[in-house]
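Protein chains in written order, with my numbering: chain A, 1 to 243; chain B, 1 to 243. Every residue gets a Cβ at the ideal spot worked out from N, C-alpha and C, and that includes glycine. One structure is given here, and the rest of the page talks about it.
Structure, rendered in structure tokens:
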């Protein structure tokens, strides 16, 4: 891991960009911390620069209550080399959603399974590099999408102690089985009228998780309409499980 | 309204029992309040004395952040005269649930419609009496079950500005139409494995509400297993809408 730039944001949060091998990433740490800060890995749909404003806002919201936050670029997104298979699957998915058709499991598998296979080891490597930095500690939380990545990470990575997942229905059927192995506390955000996701599939996935403590927060509105108060509720969820 | 007893609970909350005509009720007000406290009406399934420990705990939790709370006995419950029709419907319902059979709409209508018809005017009369007391103000919140009573109250009583409803499936079909007329902010608690309620019916009712701001909090466990942290989340929900 190599830091490439650093700056202070309003409120004192330290923002450091880094590369992990070829993968770009960003780390935010609270301005004033007397003790090491628990780390939250922030998931996103890919495209760090496009997602930056929302990610930075979420990181600052977390830093305000004492968390460090970090994210890395997804395979095939942003500045990273494209995968022809993924590009084609993504185009097929957009075509189906645009035409109002159901999205074939086959398209979802073709798009998401290779992404999960490649991304999860990268996020775990990022954890290795982040948790040895001064001022950062586990246990770690995972917050955000891609939900399939969150499911696999929560199932296989013991350093992740709690996850706040953004519900999505583009989840390969194979990952429903892995969801049963997820036993850490979960909070799942579902947008009731999400134009990109099927509500019933999201409810089925919530049902499938093996966690004893899992909470679904369903709110009105479309994909990007998560209410502001859910940010505070996310902080409180992590406060219960990462302290 | 006639006060029949009063006492101070630990923490200074003032608990006053009252009768409104023949209907017993309880009012809790914060120990130290510089300004009038917003009122929360606390719904319950009937049987004030049996429910008292849980109601008092909820009221103290609300009083700790500055709310007054009040409740009244439901028709045909506790010390109030029984209704033969309701008793028979209740027995039919228990028989169906005990046998693991689906509960006929006809039984639900027979049990719940007369209860709603009688209870809602009583709760509105209680509001009339409570809101003229010193130290209590609107807007008012409604919190709890019976959800059918909450639906009707939220639809017809303009002084109720927000409602925290405990999901239940024993809702007459006619009330799904009224749910569309409920436009105040709602938070709905659903116990995912509620032995007394059908999950899909509860989700359908949540879907039916006309409110632009409605949030579903689904948690694991059975009917009485609502996690403790939902008490705090309820307080914050009301803080957003009753202040």
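A Cβ-Cβ distance of about 10 Å is found for the pair residue 90(A) and residue 115(A), leaving them out of contact under the 8 Å criterion. Following the DSSP letters along the chain, one finds residue 219(A) inside the beta strand (DSSP E) bounded by residues 214-219.
Taking a C-beta cut-off of 8 Å against chain B, the contacting residues of the stretch 212-230 of chain A are 212, 213, 214, 215, 216, 217, 218, 219, 220, 227, 229, listed in chain order. With a threshold of 8 Å between beta carbons, residue 178(B) makes no contact with chain A. Chain A has no Cβ within less than 8 Å of the Cβ of residue 243(B). According to DSSP, residue 42(B) shares a beta bridge with 143(B).
The beta-carbon separation of residue 176(B) and residue 205(B), rounded to 6 Å, stays under the 8 Å limit for a contact. Taking C-beta separations shorter than 8 Å and ignoring five residues to either side along the sequence, the partners of residue 217(B) in its chain run 187, 188, 189, 190, 230, 233, following chain order.
Between residue 20(A) and residue 72(A), the gap from beta carbon to beta carbon is short of 8 Å. Under the Cβ distance rule, residue 233(A) counts among the residues neighbouring chain B, one pair being separated by less than 8 Å. For residue 88(A), the secondary structure class from DSSP, reduced to helix, strand or coil, is helix. Excluding five sequence positions before and after residue 62(A), the CB atoms of its chain that fall closer than 6 Å to its own CB belong to 40, 69, given in chain order. Residue pairing for residue 191(B): DSSP places it in a beta bridge opposite 219(B). Look at residue 162(B) here: in three-state DSSP terms it is strand. Of the residues 67(B), 185(B), 27(B), the one whose Cα lies closest to the Cα of residue 214(B) is 185(B).
Out of 76(A), 194(A), 130(A), 142(A), the CA that lies nearest to the CA of residue 219(A) is found in 194(A). Considered as a whole, the stretch 65-125 of chain A harbours 68-72 as its complete beta strand (DSSP E) runs of no fewer than 3 residues, in chain order.
A distance of 8 Å or more separates the beta carbons of residue 162(A) and residue 209(A). In this structure, residue 157(B) places its C-beta atom within 8 Å of the C-beta atom of residue 124(B). The C-beta of residue 167(B) has 16 or more other C-beta atoms within 10 Å across all chains shown, which makes the residue buried. By the Cβ neighbour-count rule, residue 18(A) is buried, with 16 or more other Cβ atoms within 10 Å of its own. Sequence-distant partners of residue 66(A) (beyond 5 residues in either direction) whose C-beta falls short of 8 Å from its own C-beta, in its chain, are 30, 33, 37, 38. Interface flag for residue 240(A) against chain B is set, since a Cβ pair is found closer than 8 Å. When DSSP states are grouped into helix, strand and coil, residue 35(B) belongs to the coil group. The DSSP-derived three-state label of residue 136(B) is strand. Sequence-distant Cβ neighbours of residue 122(A) in its own chain, meaning closer than 8 Å and more than five residues away, are 20, 23, 72, 75.
Within the same chain, and ignoring the five residues on either side of residue 173(B) in sequence, the residues whose Cβ sits closer than 7 Å to its Cβ are 105. Excluding sequence positions up to five before and after residue 5(B), its CB lies within less than 8 Å of the CB of 16, 17, all in the same chain and listed in chain order. The DSSP-derived three-state label of residue 24(A) is strand. Taking every protein chain shown into account, the CB of residue 170(B) has 16 or more other CB atoms within 10 angstroms, so this residue is buried.
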